[in-house]
Amino acid sequence: MLKQTYKQTSIHMKNKIIATLVAFGLVGSASAIEINDNLSINGFIDGSVNKVDNPKAGIHSGDTADWGLDEVEVNFLLNVGSVSGELHLDNDGGSQIGIEQAHFTYSLENGISLTAGRYGSGLGLEGQDPAGLYTYSRAYSSNFNLGDVDNNAVEGLIVSYAAEAWTLQLSIDNPNGTVRTSGDNGKDDLDYEVALSYTGIENLNLGLGFRANDAVNSSGVSTEDDVFNVNATYQVGKALLGAEYTEIDSNNVDLNAMLLLVDYDVSDKLGVAVRYSDYDKSSTDDVQKVTIAPNYAITESLGAILEYSDINDDAAGDSDLIALELTYTF
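Take the sequence shown: its letter number 202 is residue 203 in this note's numbering, and every next letter is one higher.
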């Protein structure tokens, strides 16, 4: 939700096929199962096997390996007249089913729409779910994953305006939907986000925006941060080029992140993604990551990604990730 993904400009149906989203992802999947005129369902099942080697921690002591179910998600998409709604139920491999997103949108005839409920950010390049990525891993393993709705969902109100070549939205929200709780340190001022999507140039998708988080922890200490993000994708023949820059000012400490992506369609079924990312985990810890990820569409609904990532962390040292992921979408 509220997300551009690389797939908006993809030539073919890739291995992860959740949907072609309009600006910010406020509509459901074009491949959704239609129940009736007012209700459709889509979703995905995602599983993987992965291994991480970290020699700095000692012989094998820093190694980890996991395999199994990563996430299951079922989305209910409703549309009655000028009001549409979405309910996203998911499970991250545990025993509990949770509400990832739940929101409804009222659309006016002049291009203005209002969305209320729980949703994700409109900032960032990478997809909100595993089904919105060209790689197994994300570019960052920190608070720069703006589009990770599983960890960054908010509750509030969005006012958006859609024109022919651009869409502008304003979100007023906070993570838990609470403005005031009892106690001396109970105030939690509302956050806000402004995001712009521009598609006026052929094959180009441009997104930029700003987010202000105004939070107070249980000790009454401010944890305010400001987030600026700009990203773009451009289709050149069979290659999709992507770039992103993000800056977070957290309590007067500036943290930066960037990524560069190339995804090349070798054939209708086979693609190869190459990504470079660099981000600050803290003011003294910088991480660089290089990822190579061939992806193959086994069927129109089942895809596979084989990923190798080389990670250099100033604090944790070098590590290698290798993973195989399967995603079934419906």
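Cβ atoms here follow ideal geometry from the backbone N, Cα and C, with glycine treated the same way.
Worksheet item: So does the region 158-172 actually touch the region 135-149, counting three or more Cβ pairs closer than 8 Å?
Response: no
Worksheet item: According to DSSP, is N175 helix, strand or coil?
Response: strand
Worksheet item: Do L325 and A305 have their C-beta atoms within less than 8 Å of each other?
Response: Going by beta carbons, L325 and A305 fall inside the 8 Å limit.
Discussion item. Applying the 10 Å Cβ sphere with the 16-neighbour rule, what's the burial state of Q97?
Written reply: Around the beta carbon of Q97, a 10 Å sphere encloses fewer than 16 other beta carbons of the protein chains shown; the residue is thus reported as exposed.
Worksheet entry | C-alpha gap between G86 and T330, whole angstroms | 20 Å
Discussion item. Am I right that D215 and D190 are in contact with their C-beta atoms under 8 Å? What's the rounded C-beta distance?
Written reply: 4 Å between Cβ atoms; contact.
Item to complete: Could you name the residues that DSSP lists as bridge partners for D286?
Response: S283
Practice prompt. Starting from V150, trace the alpha helix (DSSP H) both ways and give me its first and last residue.
Written response: 150-153
Worksheet entry | C-alpha gap between N37 and V84, whole angstroms | 16 Å
Item to complete: Using beta-carbon positions only, say whether K290 and S310 come within less than 8 Å of one another.
Response: For the pair K290 and S310, the CB atoms are nearer than the 8 Å cut-off.
Fill in: Three-way DSSP call (helix, strand, coil) for A317 in this model
coil
Worksheet item: Among G125, S143, V160, which one has its Cα closest to the Cα of N111?
Response: V160
Worksheet item: What do you get for S284, buried or exposed, if any count of 16 or more other CB atoms within 10 angstroms of its CB means buried?
Response: exposed
Item to complete: Tell me whether G380 sits in a helix, a strand or coil according to DSSP, three-state version.
Response: Because the chain in this structure spans residues 2 to 331, residue 380 falls outside the shown range and cannot be described.
Worksheet entry | Supposed contact pair M259 and D286 - C-beta distance, whole angstroms, cut 8 Å | Between M259 and D286 the Cβ distance is about 16 Å, and since that is not below 8 Å, they are no contact.
Worksheet item: Alpha carbon to alpha carbon, what distance is there between L209 and G48?
Response: One C-alpha to the other measures close to 32 Å.
Worksheet item: Bridge partners of F77, per DSSP?
Response: DSSP, once it has assigned bridges, lists I42, L88 as partnering F77.
Discussion item. Strictly by DSSP, which residues pair up with F331?
Written reply: Bridge partners of F331: none, in fact.
Practice prompt. Quick one: grab the DSSP three-state call for G304.
Written response: strand
Practice prompt. Could you pull out every residue in the same chain whose Cβ sits closer than 6 Å to the Cβ of S220, ignoring the five residues on either side in sequence?
Written response: Here the model assigns S220 a pLDDT of 49, short of 50, so the residue's position is not dependable, and the following value carries that caveat. The answer is none, since no qualifying residue turns up.
Practice prompt. Ignore the nearest five residues each way along the sequence and tell me which others in E225's own chain have a CB closer than 6 Å to its CB.
Written response: D215
Practice prompt. Identify whether A164 lies in helix, strand or coil by the three-state DSSP scheme.
Written response: coil
Worksheet item: Who does Q170 pair with in a DSSP beta bridge?
Response: DSSP output for Q170 lists S161, A196 as bridge partner(s).
Fill in: Inter-residue Cα distance where the pair is W68 and G94
11 Å
Item to complete: Kindly give me the distance between the Cβ atoms of V155 and D130, rounded to whole angstroms, as I take these residues to be in contact under 8 Å.
Response: The pair is not a contact, with the Cβ atoms about 16 Å apart (cut-off 8 Å).
Worksheet item: Can the beta-carbon of F77 be found less than 8 Å from the beta-carbon of L40?
Response: yes
Item to complete: Return the chain-ordered list of same chain residues with a C-beta closer than 7 Å to the C-beta of G201, the five sequence neighbours on each side being excluded.
Response: A166, W167
Worksheet item: Could you give the C-beta distance for N55 and A274, rounded to a whole number, given that I count them as a contact under 8 Å?
Response: At roughly 24 Å, the Cβ-Cβ gap does not stay under 8 Å, so N55 and A274 are not in contact.
Item to complete: Give the single residue among L261, T247, V237 whose Cα lies nearest to the Cα of D255.
Response: T247
Worksheet item: Helix or strand or just coil, what does DSSP make of K52?
Response: strand
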